[in-house]
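Novice: The following block contains the structure, expressed as structure tokens.
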Amino acid sequence: MKMKQYEQRIQTLLSNMTLEEKVGQLQQCGPSLVGAFDVSFDELLNMMFDGRITKEEFDRLMGTAQQDFHEEDLRAGRIGSYNGIGDAATANRLQKIAVEETRLGIPLLFGYDVIHGFRTVTPIPLAESCAWEPALWEKTGRVAAEEATAAGVHLTFAPMVDVAKDARWGRISEGAGEDVLLNSAYGAAKVKGFQGDDLSKPDAMAACVKHFAAYGAGEAGRDYNRVDMSMQRLWEEYMPPYKACIDSGARAVMPAFNDINGVPCTANPWLLRDILREKWGFDGLVISDSNAIAECVDHGLVEDKRDAAKQAIQAGMEMDMSSNSYAEYLKNLVESGEVPERVVDEAAADVLRIKFELGLFDNPYQTSEERERGAMLTEGSRAVAREAAVKSMVLLKNENHILPLKADARIGIFGALAADQGQMTGAWAIGARPEDCVSIVEACGARGISYQYSEDGKDLLKIAASSDVLVAAIGEQKEESGEAASRADITLGKEDLALVRDLLATGKPVAVVLFNGRPLAIPELAEHVPAILEAWHPGVEAGSAILDVLFGEVNPSGKLTATFPAAVGQCPMYYAHINTGRPGGKSKFTSKYLDAPVEPVYPFGYGLSYTTFAYDNLAAEQTGEAVHVSVSVTNTGSRDGDEIVQCYVQDAAAKRVRPVRQLKGFEKVSLRAGETKTVDFVIPFAELSYYDWNMEKVPCEGILKVYVGGDSRAELSREIRI
Ligand code: GLC
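When the letters of the sequence shown are read in order and numbered with the working numbering, they come out as residues 1 to 722.
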């Protein structure tokens, strides 16, 4: 139901607005860059990207750039929102024009990509998802909102909850990995963190769940590529996280760039009206992705931008981010009778509504330069960033207890990433500043650790001879993941592998710290390197958090939320796969590759600890409308630790074949050395249902296998009959 609270004020305002002012509310623009270059900034970027100009020429031209905020359009009531304004002074200056110099004084809505922190950059979402901790995800979302709103942001284009099963896709870095339950829990927690308990509070930031829908299923892991799948799969494996975010209160939705079965999400009435509005009852705002309305021409859906505007608005796309399609054509489309004015009224009403909900009409200036100065990078927010980074790291290997390092260990550190502060933020950290980030080398210096550092392996033998342990900081640059960063080869670079081989050849213990925004194909590391810590891109507290784990001040507990294949040729590779009639195995005629193992190098849910855990007393029974599962977990090692207990099921005989494992519950438990706890899961039958051939929802019946353990290969199992 629409929010009754503001309806009267919205309708009164709408009745006073001209058609041009209503269309103006649907226009979101960003500052344009103008300077001594006669092409658009995007074109200038492309010219550098494809080599028509050098980086130096690009930088020189950028030196002439000024930001054009289109104030005249704003004064004329032709702008309702800005994207990418990240400072209080500019936001308040533009807001003042909107409130005091336009005919109706309708305040602006400021949107920004606050994906994993604003100035206090926390680990990339794929990393943070490895904490399997909704309370943490909410907490970092709250820190992000407090900083971003202090800088004038009202709405973030997050959380991104696109289930991603293909490591080639660069944007796998931006969500919670390959599992539908984890993405749902991650997104719902982030919405709560961003929005807080009252959207009208100055530190509340509206959440915009994206990218609706199934952007992570792009064919071949290539960004923006087609998504073509059965409705069964769409609903069972990709749609639930968006619904979870809407149920958690998200006030905006961003449709995805991709098509679904041939109809671009941007102009897809089935998606944006039948499902989002009618079936799910969403009453918030729908904001396009950047330039996406105009790109319906490139998709081949429409002949021109005017037709794109027509189809998009009629499909339920409300605010136009940066394509100017509505600004250029919508007034004419209404005046010509091709688009009913009520369609524009509904869209404009949703824009006004979110502005009322955010308190912008009563309090358009929700921040100040003074608040902004005091809000950034506080000790408290850095502590949260460090906690998130530590909990996001995954200990992949630790032979001969190389880790944790002894406090007085002499360390030889190698690799540019050990000292590169800017690389620690990862993709989509547009508010970040490299100087805010702590590198490994910097953290070593701050702690008085005995270390020697070589960026490029120079003096390797000399350093190795006077070191107890050698640490290689290798992996991906942050530019190698995120948007428009799909990779056809997900192995480590030649230099990284050469460095690791040289370090191993010294005979000294070697530990690798991996920095990456996606699962990498690292079979050689897995086979030969005795210790591997997956650090991802950990944010501002990278170095401190990495040393906390390397020196055992914190016992790592992270578990992978995306599968690490042995080779890119296996992608997409994921745990919740179906069995086939000839599941991969030793004999020839089974489903596998001749030149790659059947099992991944590291599976979903996997992660080691400095202690060990044992599972026992698994019980599963059907009571009422649910399956009750209980298991005892014991810390069988010599130090306290946290274990992420995972509960999977398999519907072994169904009307449509079901995945061999599906995560249906998880809980992180803290166990002192020697301690045992019982962990219980309750799985409602509704969560076991699925779609049959005719898209009828059917219950799980017959044999249900239940698996509980520390990763998706859990062997402790029970079988019940439902
Ligand atoms: C980008 C991304 C989207 C982001 C938007 C605004 O193209 O697809 O996730 O929120 O533009 O920057």
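Backbone N, C-alpha and C fix where the C-beta goes; we use that ideal spot for every residue, glycine too.
Quantities reported herein were computed from a predicted structural model and do not represent experimental measurements.
Compare the beta carbon distance of residue 246 and residue 282 with 8 Å and say whether it is the shorter of the two.
Specialist: Taking the first residue of the sequence shown as position 1, residue 246 is located at position 246. Taking the first residue of the sequence shown as position 1, residue 282 is located at position 282. Contact: yes.
Novice: Quick one: Cα of residue 691 to Cα of residue 33, how far?
Specialist: One-based indexing of the sequence shown puts residue 691 at position 691. One-based indexing of the sequence shown puts residue 33 at position 33. Roughly 50 Å separates the two Cα atoms.
Novice: Taking its Cβ as the centre, do 16 or more other Cβ atoms sit within 10 Å of residue 259, making it buried, or is it exposed?
Specialist: Translated into positions along the sequence shown, residue 259 becomes position 259. With 16 or more Cβ atoms within 10 Å of its Cβ, residue 259 is classed as buried.
Novice: Just the Cα atoms here: how many angstroms apart are residue 646 and residue 328?
Specialist: The count along the sequence shown starts at 1 and reaches residue 646 at position 646. The count along the sequence shown starts at 1 and reaches residue 328 at position 328. For residue 646 and residue 328, the distance between alpha carbons rounds to 53 Å.
Novice: Give the DSSP-derived three-state secondary structure of residue 255 in the structure shown.
Specialist: For the purposes of this step, residue 255 is taken as residue 255 along the sequence shown, with counting starting at 1. Here residue 255 sits in strand by DSSP.
Novice: I need the straight-line Cα distance from residue 320 to residue 128, nearest angstrom please.
Specialist: Taking the sequence shown and counting its residues from 1, the one referred to as residue 320 is at position 320. Taking the sequence shown and counting its residues from 1, the one referred to as residue 128 is at position 128. Cα to Cα, residue 320 sits roughly 31 Å from residue 128.
Novice: Is residue 48 helix, strand or coil when you go by DSSP?
Specialist: On the sequence shown, position 48 is the one that residue 48 refers to. Helix, per DSSP.
Novice: Would you list the residues whose beta-carbon is nearer than 5 Å to any heavy atom of the ligand GLC, in the order they occur in the chain?
Specialist: Listed along the chain, these residues meet the criterion: 113, 157, 289, 290.
Novice: Following the continuous beta strand (DSSP E) through residue 458, name the residue where it begins and the one where it ends.
Specialist: Numbered from its first residue, the sequence shown carries residue 458 at position 458. It is not in any beta strand (DSSP E) - residue 458 carries neither H nor E in the DSSP assignment.
Novice: Where are the beta strand (DSSP E) runs, 3 residues long or more, that stay fully inside the stretch 176-221, in chain order?
Specialist: As far as the stretch 176-221 is concerned, its whole beta strand (DSSP E) runs of at least 3 residues are 206-212.
Novice: For residue 164, which of helix, strand or coil comes out of DSSP?
Specialist: For this step, residue 164 is matched to residue 164 along the sequence shown. Coil at residue 164, not helix or strand.
Novice: Using DSSP's beta-bridge definition, name the partner residues of residue 29.
Specialist: Along the sequence shown, one-based indexing puts residue 29 at 29. Residue 29 pairs with 82.
Novice: Run through DSSP, which three-state label would residue 718 get?
Specialist: Within the sequence shown, numbered from 1, the residue matching residue 718 stands at position 718. Correct three-state label for residue 718: strand.
Novice: Roughly how many whole angstroms lie between the Cα atoms of residue 61 and residue 37?
Specialist: In the sequence shown, the residue the question calls residue 61 occupies position 61. In the sequence shown, the residue the question calls residue 37 occupies position 37. Going by the C-alpha atoms only, they are around 6 Å apart.
Novice: Quick check: what's the CA-CA separation for residue 1 versus residue 241?
Specialist: Along the sequence shown, read from residue 1 onward, the residue named residue 1 stands at position 1. Along the sequence shown, read from residue 1 onward, the residue named residue 241 stands at position 241. Below a pLDDT of 50, predicted positions are generally treated as unreliable, and residue 1, at 45, falls in that range; the measurement from the model is reported next regardless. Approximately 21 Å between the Cα atoms of the pair.
Novice: In three-state terms, what does DSSP make of residue 589?
Specialist: Here residue 589 refers to the residue found at position 589 of the sequence shown. DSSP places residue 589 in coil when its eight states are reduced to three.
Novice: Using 8 Å as the threshold, is the C-beta distance between residue 125 and residue 175 below it?
Specialist: As a working mapping, residue 125 is identified with position 125 in the sequence shown. As a working mapping, residue 175 is identified with position 175 in the sequence shown. The answer is yes: Cβ separation under 8 Å.
Novice: If I measure Cβ to Cβ from residue 148 and keep anything under 7 Å in the same chain, skipping five residues before and after, which residues do I get?
Specialist: Against the sequence shown, residue 148 aligns to sequence position 148. Around residue 148: 112, 114, 118, 156, 205.
Novice: Measure the alpha-carbon distance for residue 5 versus residue 357 and round it to whole angstroms.
Specialist: Reading the sequence shown from its first residue, position 5 is the one you call residue 5. Reading the sequence shown from its first residue, position 357 is the one you call residue 357. In a straight line, the C-alpha of residue 5 is about 9 Å away from that of residue 357.
Novice: Using the C-alpha atoms, what's the distance from residue 635 back to residue 31?
Specialist: Position 31 of the sequence shown holds residue 31. Position 635 of the sequence shown holds residue 635. Cα to Cα, the separation comes out at about 55 Å.
Novice: Could you tell me the alpha carbon to alpha carbon distance between residue 424 and residue 393, rounded to whole angstroms?
Specialist: Numbered from 1 along the sequence shown, position 424 holds the residue referred to as residue 424. Numbered from 1 along the sequence shown, position 393 holds the residue referred to as residue 393. The alpha-carbon atoms of residue 424 and residue 393 are separated by roughly 13 Å.
Novice: Which residue from 480, 449, 468, 565 puts its Cα closest to that of residue 520?
Specialist: The sequence position of residue 520 within the sequence shown is 520, counting from 1. Nearest C-alpha to residue 520: 565.
Novice: By the DSSP assignment, the beta strand (DSSP E) with residue 650 in it spans what residues?
Specialist: Here the question's residue 650 lines up with position 650 in the sequence shown. 641-651 is the span of the beta strand (DSSP E), which, as asked, contains residue 650.
Novice: Between 131, 189, 233, 42, which has its C-alpha nearest residue 578's C-alpha?
Specialist: The residue labelled residue 578 in the question sits at position 578 within the sequence shown. Of 131, 189, 233, 42, the residue nearest in Cα terms is 233.
Novice: Of all the options 582, 262, 153, which has the alpha carbon lying nearest to the alpha carbon of residue 301?
Specialist: In the sequence shown, counting from the first residue as 1, residue 301 sits at position 301. Among 582, 262, 153, the Cα nearest to that of residue 301 is on 262.
Novice: Return yes when the Cβ of residue 351 is within less than 8 Å of the Cβ of residue 285, no when it is not.
Specialist: Against the sequence shown, residue 285 aligns to sequence position 285. Against the sequence shown, residue 351 aligns to sequence position 351. Against a cut-off of 8 Å, the Cβ pair of residue 351 and residue 285 comes out as a contact.
Novice: Here's the rule: buried if 16 or more other CB atoms are within 10 angstroms of the residue's CB, otherwise exposed. What is residue 323?
Specialist: Translated into the one-based positions of the sequence shown, residue 323 becomes position 323. The residue in question, residue 323, is buried, as its Cβ has 16 or more Cβ neighbours within 10 Å.
Novice: Looking only at C-alpha atoms, which of 533, 100, 67, 97 sits nearest to residue 85?
Specialist: The count along the sequence shown starts at 1 and reaches residue 85 at position 85. Ranking the options by Cα distance to residue 85, first place goes to 67.
Novice: What does a CB cutoff of less than 7 Å around residue 703 pick up in its chain, not counting 5 residues either side in sequence?
Specialist: In the sequence shown, residue 703 corresponds to position 703, counting from 1. Result list for residue 703: 652, 653, 719, 721, in chain order.
Novice: Examine the ligand SAM and report whether any of its heavy atoms sits within less than 7 Å of the Cβ of residue 658.
Specialist: Ligands in the displayed structure: the ligand GLC; the ligand SAM is not one of them.
Novice: Only counting runs of 3 or more residues, tell me where the beta strand (DSSP E) segments fall wholly within the stretch 360-402, in order along the chain.
Specialist: Counting only runs of 3 or more, we get 394-398.
Novice: Answer with buried or exposed for residue 151, where buried requires no fewer than 16 other C-beta atoms within 10 angstroms of its C-beta.
Specialist: Your numbering for residue 151 matches position 151 in the sequence shown. Label assigned to residue 151: buried.
Novice: With DSSP collapsed to three states, give me the class of residue 129.
Specialist: Here residue 129 is taken as the residue at index 129 of the sequence shown, counted from 1. Helix, per DSSP.
Novice: Can you tell me whether DSSP reads residue 617 as helix, strand or coil?
Specialist: Your numbering for residue 617 matches position 617 in the sequence shown. Strand.
Novice: From residue 295 to residue 338, what distance separates their C-alpha atoms?
Specialist: Residue mapping note: residue 295 aligns to position 295 of the sequence shown, counting from 1. Residue mapping note: residue 338 aligns to position 338 of the sequence shown, counting from 1. Each residue's alpha carbon lies about 21 Å from the other.
Novice: Among 364, 609, 326, whose alpha-carbon lies nearest the alpha-carbon of residue 402?
Specialist: The residue labelled residue 402 in the question sits at position 402 within the sequence shown. Looking at the Cα atoms, 609 is the closest of the given residues.
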